[in-house]
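Have a look at the structure below, then the notes.
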Amino acid sequence: MEELVIRDADVVDGSGADAYRADVVVDGGRITSIVKEAAAAGCQRPTARRELDAEGLVLSPGFVDMHAHSDLALLRDPDHGAKAAQGVTLEVIGQDGLSYAPVDDRTLGEVRRAIAGWNGPGDDIDFDWRTVGEYLDRLDRGIAVNAAYLIPQGTVRALAVGWEDREASPDELDRMRRLVAEGMEQGAVGMSSGLTYTPGMYAKDAELTELCRVVASYGGYYCPHHRSYGAGALQAYEEMVALTREAGCSLHLAHATMNFGVNKGRAPELLALLDEALAAGSDISLDTYPYTPGCTTLAAVLPSWASEGGPEQTLGRLADEGTAERIRHHLEVIGSDGCHGVPVEWDTIEISGVGDPALADFVGRTIQESADRRREAPWVTARELLLADRLTPTILQHVGHEENVRAIMRHRVHTGGSDGILQGAKPHPRAYGTFPHYLGHYVRELGVLSLEECVAHLTSRPAARLRLPDRGLVREGYKADLVLFDPATVAAGSTFAQPRTLPTGIPYVLVDGRFVIEDGRRTDVLAGRAVRGTPPA
3 MEELVIRDAD
13 VVDGSGADAY
23 RADVVVDGGR
33 ITSIVKEAAA
43 AGCQRPTARR
53 ELDAEGLVLS
63 PGFVDMHAHS
73 DLALLRDPDH
83 GAKAAQGVTL
93 EVIGQDGLSY
103 APVDDRTLGE
113 VRRAIAGWNG
123 PGDDIDFDWR
133 TVGEYLDRLD
143 RGIAVNAAYL
153 IPQGTVRALA
163 VGWEDREASP
173 DELDRMRRLV
183 AEGMEQGAVG
193 MSSGLTYTPG
203 MYAKDAELTE
213 LCRVVASYGG
223 YYCPHHRSYG
233 AGALQAYEEM
243 VALTREAGCS
253 LHLAHATMNF
263 GVNKGRAPEL
273 LALLDEALAA
283 GSDISLDTYP
293 YTPGCTTLAA
303 VLPSWASEGG
313 PEQTLGRLAD
323 EGTAERIRHH
333 LEVIGSDGCH
343 GVPVEWDTIE
353 ISGVGDPALA
363 DFVGRTIQES
373 ADRRREAPWV
383 TARELLLADR
393 LTPTILQHVG
403 HEENVRAIMR
413 HRVHTGGSDG
423 ILQGAKPHPR
433 AYGTFPHYLG
443 HYVRELGVLS
453 LEECVAHLTS
463 RPAARLRLPD
473 RGLVREGYKA
483 DLVLFDPATV
493 AAGSTFAQPR
503 TLPTGIPYVL
513 VDGRFVIEDG
523 RRTDVLAGRA
533 VRGTPPA
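Here the sequence shown is numbered in my numbering, starting from 3 and rising by one per residue.
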């Protein structure tokens with residue numbers, strides 16, 4: 003007898019087609035049969051060792067988080083309720099050009115310091131890997147949900163070139179090509195970049211194109227955090243479209259927003275650009291989170307020249323009075339490339355987390371608010387915080403526009419990505435709420451998307467981008483990565499005031515046919531594994 007039958011579910015199968023009533027049978031980690039309208043037809047109903055009454059619940063494929071920062075959280079936190087409770091059954095990590103493989107001893111330490119604000123310092127992690135394949139093997143020991151990995155271009159550049167702002171030599175470029183090829187062979191699904199983060203931002207288009215050619219040869223995709231989401235955002239999108247067209251590489255645009263005052267109401271221009279490229283034959287997709295503020299590190303807004311050479315050199319420049327004044331001028335007057343070419347507005351930058359508990363009083367306040375309390379200029383506050391916390395502070399950046407968010411999420415190549423940073427006392431609520439917020443707020447409350455459309459955005463579309471032939475749909479033979487939710491009550495519990503509150507209305511989540519969420523509570527099941535890319539035949 004088979005393991006499980008999910009009885010009388012309203013199946014939204016991920017294809018975008020209308021929902022239907024069915025009994026769905028699961029065995030051996032896969033969907034073995036689907037019996038539509040079994041009760042109404044009076045036919046023999048399937049049986050199993052366990053029956054789950056799904057009356058009133060929607061059964062859909064598990065959600066795919068196309069932009070996650072759980073690279074260490076998956077290893078540190080076996081519970082991982084932030085994602086499992088949302089119905090996420092697969093995360094794509096290695097984002098924004100900086101992660102923990104491939105590395106050597108030198109670059110591992112540098113990367114750990116550079117992205118401590120995203121993932122924590124990692125003092126509680128045994129870094130017993132160096133290659134992409136070894137990291138994926140580590141995930142295979144058991145994690146809460148599945149994970150796919152992007153080769154981080156900035157980490158690759160740090161390994162081959164260093165953190166300097168210069169062109170790679172021919173030998174260095176050859177080494178980067180080999181590192182990318184090895185990562186793809188070992189199971190990565192593509193390559194990411196953080197082109198407003200060092201050292202990835204120092205790569206010129208020709209260098210990126212050569213690396214994308216390697217990615218394309220393995221059937222992978224390029225996922226850039228491109229060079230600007232503010233001033234020059236459209237030109238930055240155009241650059242990525244042209245670069246990947248030249249390389250013959252698929253393109254997935256990370257957190258594809260149009261932010262800052264210069265881009266208010268300009269999402270239709272971005273979508274027209276993408277439609278033109280799609281019509282010309284480009285293979286493009288994108289992800290967004292359903293919120294207006296962004297989230298990154300405070301150090302990320304610094305001009306690139308201030309971050310050249312790595313974290314220790316950055317701290318040295320901040321400590322020097324003359325250099326710190328140059329940094330302030332770039333931030334406040336010129337508009338630094340780290341702040342997307344827009345002069346910084348300190349009242350939009352809210353501290354969401356710090357590494358040193360002694361600095362907790364800054365959390366939940368904007369730089370401007372803290373500066374006013376301290377009766378000093380905001381740059382003085384920001385500089386002191388960066389030095390005292392050694393570049394660790396994370397921020398919310400309140401620079402988005404609701405009309406842009408809604409317009410982009412309607413697009414036919416849109417997918418969902420949380421961009422969830424799990425560190426800090428007050429992280430962005432998207433880390434705990436992205437997927438139920440889509441379903442509760444933008445589907446049920448606002449009607450921006452139909453339920454069937456939204457589920458397709460969160461399941462089959464990302465599975466197609468990842469070239470996963472047996473995920474993303476409720477189909478016989480497909481992996482039983484499934485979520486059951488109540489369409490009348492599903493909602494994000496997380497808010498900006500209480501960002502770690504878990505969602506409501508998602509009582510069951512299965513990974514590989516095993517319950518990771520049961521009756522609304524996290525089980526002790528670690529059914530997740532690395533989902534490796536497969537090179538084309």
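By construction, the Cβ of each residue, glycine as well, lies at the ideal position given by its N, Cα and C atoms. All of these numbers come straight from a predicted model, not from anything done at the bench.
Confirm, please, whether the CB-CB distance from P509 to A493 is below 9 angstroms.
Taking a C-beta distance under 9 angstroms as the contact criterion, A493 and P509 do not qualify as a contact pair.
Go ahead and label G340 buried or exposed: buried means 16 or more other beta carbons lie within 10 angstroms of its beta carbon, across all protein chains shown.
Here G340 is buried. Its C-beta has 16 or more other C-beta atoms within 10 Å.
Burial state of C456, where buried means 16 or more other Cβ atoms lie within 10 Å:
Buried.
Can you tell me which residues form a DSSP beta bridge with G196?
Paired residue(s): H227.
If L175 sits next to V94, beta carbons under 8 angstroms apart, how far is it from one beta carbon to the other, in whole angstroms?
Contact doesn't hold; Cβ gap of about 26 angstroms is too wide.
Between the Cα of Y22 and those of V485, A490, V476 and G495, spot the shortest distance and give me the residue it belongs to.
By alpha-carbon distance to Y22, the top candidate from V485, A490, V476 and G495 is V476.
Which whole-angstrom value is the C-beta distance of S62 and P48, which I expect to be below 8 angstroms?
Rounded, the Cβ-Cβ distance is 20 angstroms, inconsistent with contact.
Check the DSSP bridge columns for R262 and list the partner residues they point to.
According to the sequence provided, residue 262 is Phe. The question's Arg does not apply to it. According to DSSP, F262 bridges with nothing at all.
Are H82 and G422 closer than 9 angstroms when you measure CB to CB?
Contact flag unset, no.
Which residues in the same chain as W381 place their Cβ atom closer than 6 angstroms to its Cβ, once the five residues preceding and following it in sequence are excluded?
R330, listed in sequence order.
DSSP state of P154 mapped onto helix, strand, coil
Under the three-state reduction of DSSP, P154 is assigned to strand.
Please list the terminal residues of the continuous alpha helix (DSSP H) segment that includes Y239.
Per DSSP, Y239 belongs to the alpha helix (DSSP H) from A235 to A249.
Report the CB separation of H254 from R467 in whole angstroms; it is logged as a contact under 8 angstroms.
About 6 angstroms; that satisfies the 8 angstroms criterion.
Which residues share a DSSP beta bridge with S252?
In DSSP, S252 forms a bridge with Y223.
Tell whether a beta-carbon distance below 9 angstroms holds between L424 and A75.
Taking 9 angstroms as the Cβ cut-off, L424 and A75 qualify as a contacting pair.
Closest by CA to A499, which one among G164, G366 and A384?
Answer by Cα proximity: G366.
What is the C-beta distance between A190 and R177, in whole angstroms, given that I count them as a contact (C-beta under 8 angstroms)?
With a Cβ gap of about 17 angstroms, A190 and R177 do not count as contacting.
Chain-order list of residues whose beta-carbon lies under 6 angstroms from that of A256 (same chain, five-residue window excluded)
Apart from sequence neighbours up to five positions away, the residues of its chain that approach A256 with a beta-carbon distance below 6 angstroms are H69, C225 and H227, ordered along the chain.
Can you name the start and end residues of the alpha helix (DSSP H) that S462 belongs to?
DSSP places S462 in the uninterrupted alpha helix (DSSP H) bounded by S462 to R467.
Alpha helix (DSSP H) containing R108: first to last residue?
Per DSSP, R108 is one residue of the alpha helix (DSSP H) stretching across D107 to A116.
What residue does the beta strand (DSSP E) around Y510 start on, and which one ends it?
Y510 to V513 is the span of the beta strand (DSSP E), which, as asked, contains Y510.
If I measure Cβ to Cβ from G535 and keep anything under 8 angstroms in the same chain, skipping five residues before and after, which residues do I get?
Once the five neighbours on either side are set aside, the close Cβ partners of G535 are A150, M186, G189, A190, V191, G192, Y220, G221, G222, L468 and R469.
Where V335 falls: helix, strand or coil (DSSP)
Correct three-state label for V335: helix.
Sorted by chain position, which residues of the same chain lie with C-beta nearer than 7 angstroms to L213's C-beta, five sequence neighbours on each side aside?
Here the set comprises Q155, M178, R179, V182 and M193.
Give the straight-line distance between the Cα atoms of V28 and V527, rounded to the nearest whole angstrom.
Taking the straight line from one Cα to the other gives about 17 angstroms.
Close beta carbons around V445, own chain, < 6 angstroms, minus the five adjacent residues each side:
Closer than 6 angstroms at Cβ, skipping near neighbours: L451, L453 and C456.
Taking K85 as part of the alpha helix (DSSP H), name the residues at either end of that continuous run.
That run of the alpha helix (DSSP H) goes G83 to A86.
Excluding the 5 residues preceding and the 5 following A118 in the sequence, name in chain order all residues of the same chain whose CB lies nearer than 7 angstroms to its CB.
Cβ-Cβ distances below 7 angstroms link A118 to G357 and T394 in the same chain, with the five nearest sequence neighbours on each side left out; the list follows chain order.
As assigned by DSSP and simplified to three states, the class of G530
Residue state for G530 is assigned as strand, using DSSP reduced to three classes.
Own chain, CB closer than 7 angstroms to R9, minus 5 neighbours either side, in chain order:
Taken in chain order, the residues that qualify are D25, E53, L54, D55 and A56.
For H342 and S252, believed in contact at Cβ under 8 angstroms, the rounded distance
Between the beta-carbon of S252 and that of H342 there is about 25 angstroms, and that puts the pair past the 8 angstroms contact cut.
Buried or exposed (CB count within 10 angstroms, at least 16 for buried), C297:
Buried is the call here.
Please tell me whether A116 and G312 are closer than 9 angstroms, where the distance is taken between their beta carbons.
Yes, Cβ-Cβ distance for A116 and G312 is below 9 angstroms.
Going by the CB atoms, is the gap between A160 and W131 shorter than 9 angstroms?
Going by C-beta atoms, W131 is not nearer than 9 angstroms to A160.
Taking just the CA atoms, how far does Q97 sit from L389?
Our two residues, L389 and Q97, have alpha carbons roughly 26 angstroms apart in a direct line.
Could you have a look at T290 and say whether DSSP puts it in helix, strand or coil?
T290 falls in the strand class under three-state DSSP.
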